[in-house]
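Working notes, structure below.
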Amino acid sequence: MNGLMQDWPLLCHKLLDHAAIQHGHREVVSRSVEGPIMRTTYAEIRQKALKIAQKLQREGYKPGDRVATLAWNTARHLESWYGIMGMGGVYHTLNPRLFPDQIAWIMNHAEDKALFVDLTFLPIVEKIADKVPSLKQVIVLTDAAHMPKTSLTNAVAYEEWLADADGDFRWLALDENAAAGMCYTSGTTGDPKGVLYSHRSNVLHAMIAALPDAMGVSSRDVILPVVPMFHANAWGLAQSSPMVGAKLVMPGAKLDGASIYELLNTEKVTFTAAVPTVWLMLLQFLEETGNKLPYLKKVVIGGSACPRAMTKKFQDAYGVEVIHAWGMTEMSPLGTLGTMKPETADLTGEARLDVQQKQGYTPFGVEMKVTDDENRELPWDGKTFGRLKVRGPAVASSYYGGAGKEQFDADGWFDTGDVAHIDENGYMEITDRAKDVIKSGGEWISTIALENLAVGHPDVAEAAAIGIAHPKWDERPLLVVVPKAGKSPTKDELLGFMQGKIAKWWLPDDVVLVKEIPHTATGKIQKTTLRDTFKDYKLPTA
Ligand code: ADP
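If you want the numbering used here, it's the position in the sequence shown, counting the first as 1, plus 726.
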């Protein structure tokens, strides 16, 4: 017997409708790419999105067409997403930090038909447009006055393009399982793989993300998504914010410490989210200037492991609660968040940090398990680690075009490629990417644990641990360290600091100081490049 409730499909544009009706005057503030701060509202954004949908339809775009965006977080980017989805199109976020040829590869794989692009990235498009035959039109997210000369023959300024649209448009009545968005994972090995979100998965993910024990956001929050919309959906904030009606502050192109600090304080931001490297810049700026964060309440940190020292600094020096989170492009992206349960809520000091160092537990809508190589489930004891697998309504069921089939099993579990353990309270801790873990004498050494510990040393800005070939042990750890400005800690100082805090055989065999550690397009330490750089390195123990 079926229930007798209404069939109200979960469609993304309903999020914007709701925001415009209930929170129509709520501001969306952007640091524009042209420079000045621009202010709009959810009601105006909805009107703009209707115009975009109307224009796209008029110009012959059809439901299912992929429309790419290559843009910073701004109101215009947000309008574009909702306009594209509202006419049945699929917004496809491109990561500008990739090489132009990789972007072209991805665009060809997705067969993007149109592209919304920021002024900053126009030179990239000029370089690759010829290599993407499916691309019919380039809409430059600016007005006529700021439109530069371009070698592109099919480019138009966004505001000019929209000028003859009146927004008299009805959102398409779509099936909730229709594709809504697309994002390729950077694929540190092999070709990038496309993840195709549906309207339903995006709406459910927005609800999951907003839950009190997940991100816990409300209409009384002012949300600054520093995490880019081109990086795993801005962690759902472009959907959760209109869902709850929170004021949005969009940082545009400037993500340095001073610029982020300025927005946090002038706009009275209460909630923000980004990868650790962004917070490293902000914390350095605060330390140098002595500034404080009087309005900020919560910061979500994920994308790579949040160092314990960073959590401590935010909480002790600035009174900002840290929520450590883990996720993947394939998961829309949220997987776990490190909020407190009654079992952990009363912990203080180092014991609380022990919990916060873990990546957290799954909200409703995400299931997880760890298994051994034979797919046998491992106990939740806080120490037995294995392959982390997940499933849920906002987790990919396959990649676009069918790549990577081996990562999905018959029971719907997706193998994340991460290695983790889960404790008695359900908190998961990532120990490594399966391909980064150091294999020493048949046992595994967690590179994240080594890095986390090393950056706790007062002279260390950033650290990376990699496995170096060793005649006896197969691999042994090398610690690569970027010292803080003006510091040069010695190997003995660093190893002395680490000693006693981890198993003795986990201690790195050597330490090298470098000026810089390479990062991927999504802000992670680029272990492949580092391993390449040090492939002929001779450890003193070898
Ligand atoms: P990409 O793979 O394209 O760089 P993703 O954001 O999808 O982008 O990367 C997901 C991976 O990032 C996870 O599988 C995990 O290895 C890593 N990751 C994400 N959050 C954390 C975290 N809090 N701690 C450790 N690793 C993390």
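Glycine is no exception: its CB is placed at the ideal position from the N, C-alpha and C atoms.
Check: residue i C-beta below 8 Å from any heavy atom of the ligand ADP
i	result
Q1041	no
G1143	yes
G1016	no
I1027	yes
A1122	no
P951	no
H931	no
I1054	According to the sequence displayed, residue 1054 carries Met and not Ile. Yes, since a heavy atom of the ligand ADP falls inside the 8 Å radius drawn around the Cβ of M1054.
S806	no
S944	no
L1250	Per the sequence presented here, residue 1250 reads as Lys, with Leu not at that position. True, at least one ligand heavy atom lies under 8 Å from that Cβ.
H835	no
C1284	Limits of the chain in this structure are 727 at one end and 1268 at the other, which puts residue 1284 out of reach.
Q732	no
P1059	yes
A1000	no
S1166	no
Q1085	yes
T1246	yes
H1318	Here the chain covers residues 727 to 1268 and nothing more, so residue 1318 does not appear.
S927	no
S1172	no
I1192	no
H818	no
T1003	no
R1113	no
M860	Looking at the sequence provided, one finds Ser at residue 860 rather than Met. Checking the Cβ of S860 against the ligand ADP gives no.
R772	no
Local conformation of residue i per DSSP, three classes
i	result
V843	strand
H751	coil
R1117	strand
H1245	strand
K1095	strand
L1155	The sequence shown places Glu at residue 1155, rather than the Leu named in the question. Here E1155 sits in strand by DSSP.
K1213	coil
A797	coil
W887	helix
G1086	strand
K973	strand
H744	helix
V1279	Residue 1279 cannot be examined here, being either before or after the span of the chain that is shown, 727 to 1268.
S927	helix
Y1044	helix
L1220	helix
K1165	strand
E1056	helix
H739	helix
M908	strand
Exposure of residue i, with buried meaning 16 or more beta-carbon neighbours within 10 Å
i	result
I747	exposed
F997	buried
R772	buried
N728	exposed
P968	buried
P1184	exposed
E1100	exposed
S966	buried
K1198	exposed
N880	exposed
M731	exposed
G812	buried
T1110	exposed
G1112	buried
N903	exposed
A1189	buried
Terminal residues of the beta strand (DSSP E) in which residue i lies
i	result
Q828	Element bounds for Q828: not the beta strand (DSSP E) but the alpha helix (DSSP H), 826-836.
Q863	863-866
S924	919-924
I1171	1169-1171
T1142	1140-1148
I1194	1186-1196
Y817	816-819
Continuous alpha helix (DSSP H) stretch holding residue i: start and end
i	result
M811	801-812
M969	963-970
V851	848-854
E770	768-784
K1253	1253-1259
### Task
Within the region 981-1033, note down every full alpha helix (DSSP H) run reaching 4 residues or more, in order along the chain.
983-992, 1002-1015
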